[in-house]
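A quick write-up on the structure given underneath.
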RNA sequence: GCCGCGGUAGCUCAGUGGUAGAGCGCACCCUUGGUAAGGGUGAGGUCGGGAGUUCAAUCCUCCCCCGCGGCACCA
């Protein structure tokens, strides 16, 4: 018998039945056989040493491909598990998948691991690689497998097989020589030697068994693994680079803000940080006004009774900052702006002619977030949302949503953020409302996205419990994704708080509410902006736009004139008259990420010119002061005013 | 909230069972220098907080607080 394999380049060749992918690779070239880690037959994974059972579309997966890396990392996880079990007898294995940059493995062990153990574990892993143990795949029957894992004390594995694998489905176990084996779907390398040594253990963390807080806490060891040493080094270098853009670090270095322990999750905005904030806020106000929004402001603290009516007291209480007065009232800081906006909507009568009513607020909210979730500006307890609620009729939902998508897209672009995709969060398992409602609501969101020329990616089950939503996924300069901007449909709150408008028919109707934000929170968005540009803000956003630096004190008088002229032209300017060398001043302001340094010395003073030096460049642009003013003010104009 | 790691000068970090150091920054002095660090001098610390062991604790033990990395959470 022979089988026919169809290769990606279109070639088709026949082989003897039972040939292994490794043998096929060897038949093609020696170097290919060296690089190959697994195969795919009609898209399904196949181990290199497992005899092929049928022909079809055939692909050899090499270690430097994305698929190949996945195989390597999976093997790295197994080698890690073997090393750990050999070094720490009594440790149980649970689950060890591949991640974006590497892998992890969750272990159950009474004593804690320490990062000090990493060296020892890595050493043993390398010994296992050197031993080049053959990796053997065996197929088990469910009951037998459960018994086997129970008998060797691996209760977690037994539980997975028992609960996750359907009766009759084959169970595969991969063994490293006769020393070690693990339940696994595969595929795996033919032997441990093929893994190579471009791996490193990275960090240690707690994790819950099957991701559930009520379950036992396991110890997770994270690692990274690559096709070769060079790739590993590049990766470690990328991590260092990412660390340099950490907004917490830059925030301190650039004197933008700070946080301290008496106010966990709360931000002290310094002058420069607040300048950034105000620039963004002013820009947003202009954009919202042009887009037909009205701006309001609602109380910071409201009576418990109010939150009971809105439903928050019931559902959101653990996250609310609640306080009591000497007179015995119970109040709460607002965790959200929506109920407040409904009050403004309800004040007086609304007609269908008032709809859609787009009500915006830079709403300062407080939420008691779990201590372990706090993270710089990204996750805080006091934050300001660029919030708005659009009150409209049901037949206006699609148009309003489409308009919002266009507005948000344009704003994100103005901030230099690139969109990856828009996600449509559909009905979650636990939800309010009948299926017909969800069918309609999801349809409306989808239609709206398409009306705005966007095909959303479906995020099944990610909707709010009362309605579907669209989330904007942005991608920053180093490829990380952030959710900025969301629009959620809400039929529940208007009903609960009895919002009404008078329709064309003279009868009272319930409006629909669209909750929406474009930046999310100002705090978080500023954090993202900082990391996106590594602190080097575009001129219009930069807290300090120009530093006028003198060469010698001869130029002090002229430097003052230059700075004054720039300020008059609306630029944010600092003056550096210190008795230091220019080189020193250049270095210091460059490290502060000042976009433009205007150097003035005797020559400039005589000619009434300035020498501009841009951040990141070494060239000097010598030009008359008037010309510099014209160029810089033009460049510093916010994008919506250009 | 849970697990692991950490907390020493304004910042970044070294260090020791006998109460402490560097670089940068800061102050003062000298230097007026043409595009990424000119030189000198000096000030600055409850070694996160509390308790314990010890003749003696920044160091060892325990508790707490905070930070960092994950997990869980994030209508």
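Numbering (our numbering), first residue to last: 39 to 680.
By construction, the Cβ of each residue, glycine as well, lies at the ideal position given by its N, Cα and C atoms.
CA-to-CA distance, residue j to residue i, given in whole angstroms
| i | j | result |
| --- | --- | --- |
| residue 496 | residue 560 | 27 Å |
| residue 180 | residue 223 | 14 Å |
| residue 313 | residue 565 | 14 Å |
| residue 701 | residue 175 | The structure shown does not extend to residue 701, since the chain spans only 39 to 680, so no value can be given for it. |
| residue 505 | residue 186 | 47 Å |
| residue 469 | residue 263 | 41 Å |
| residue 584 | residue 246 | 51 Å |
| residue 589 | residue 666 | 19 Å |
| residue 653 | residue 137 | 37 Å |
| residue 440 | residue 447 | 11 Å |
| residue 670 | residue 607 | 9 Å |
| residue 298 | residue 574 | 25 Å |
| residue 334 | residue 399 | 5 Å |
| residue 450 | residue 362 | 41 Å |
| residue 83 | residue 171 | 21 Å |
| residue 567 | residue 509 | 18 Å |
| residue 199 | residue 148 | 23 Å |
CB-CB length for residue i against residue j, believed under 8 Å
| i | j | result |
| --- | --- | --- |
| residue 209 | residue 178 | 4 Å |
| residue 452 | residue 677 | 4 Å |
| residue 462 | residue 487 | 7 Å |
| residue 614 | residue 657 | Going by Cβ atoms, the distance from residue 614 to residue 657 rounds to 20 Å, so no, they are not a contact pair. |
| residue 213 | residue 219 | 4 Å |
| residue 259 | residue 406 | Contact flag wrong, Cβ pair sits at about 32 Å. |
| residue 562 | residue 415 | 6 Å |
| residue 145 | residue 153 | Not a contact, Cβ separation roughly 14 Å. |
| residue 639 | residue 593 | 5 Å |
| residue 761 | residue 115 | What is shown of the chain runs 39 to 680, which leaves residue 761 out entirely. |
Residue i, enclosing alpha helix (DSSP H) - first and last residue
| i | result |
| --- | --- |
| residue 379 | 376–384 |
| residue 671 | 663–673 |
| residue 309 | 309–328 |
| residue 78 | Here residue 78 belongs to no alpha helix (DSSP H); instead the beta strand (DSSP E) covers 74–79. |
| residue 525 | Unbroken run through residue 525 is the beta strand (DSSP E), 519–528; no alpha helix (DSSP H). |
| residue 621 | 620–629 |
| residue 413 | Element bounds for residue 413: n/a, residue is neither H nor E. |
Under the three-state DSSP convention, the category residue i falls into
| i | result |
| --- | --- |
| residue 153 | helix |
| residue 431 | coil |
| residue 96 | strand |
| residue 142 | strand |
| residue 549 | coil |
| residue 59 | helix |
| residue 359 | coil |
| residue 391 | helix |
| residue 67 | coil |
| residue 283 | coil |
| residue 117 | helix |
| residue 588 | strand |
| residue 297 | coil |
| residue 291 | helix |
| residue 351 | helix |
| residue 513 | strand |
| residue 31 | With the chain running from 39 to 680 in the structure shown, residue 31 is simply not present. |
| residue 109 | helix |
| residue 612 | strand |
| residue 345 | helix |
| residue 334 | coil |
Range covered by the beta strand (DSSP E) that runs through residue i
| i | result |
| --- | --- |
| residue 216 | Residue 216 -> no beta strand (DSSP E), and no H or E assigned at all. |
| residue 52 | 50–54 |
| residue 240 | 237–246 |
| residue 255 | 255–263 |
| residue 560 | Unbroken run through residue 560 is the alpha helix (DSSP H), 560–571; no beta strand (DSSP E). |
Residue closest to residue i, alpha-carbon to alpha-carbon, out of the options
| i | options | result |
| --- | --- | --- |
| residue 401 | 338, 361, 350 | 338 |
| residue 332 | 464, 545, 396, 376 | 396 |
| residue 389 | 546, 116, 140 | 546 |
| residue 438 | 490, 412, 450 | 490 |
| residue 525 | 557, 596, 360 | 557 |
| residue 74 | 59, 277, 147, 484 | 59 |
| residue 238 | 253, 156, 170 | 156 |
| residue 48 | 95, 67, 627 | 95 |
| residue 381 | 151, 532, 159 | 532 |
| residue 46 | 80, 61, 53, 597 | 80 |
| residue 88 | 306, 148, 227, 50 | 227 |
| residue 67 | 50, 40, 98 | 98 |
| residue 164 | 232, 103, 196 | 232 |
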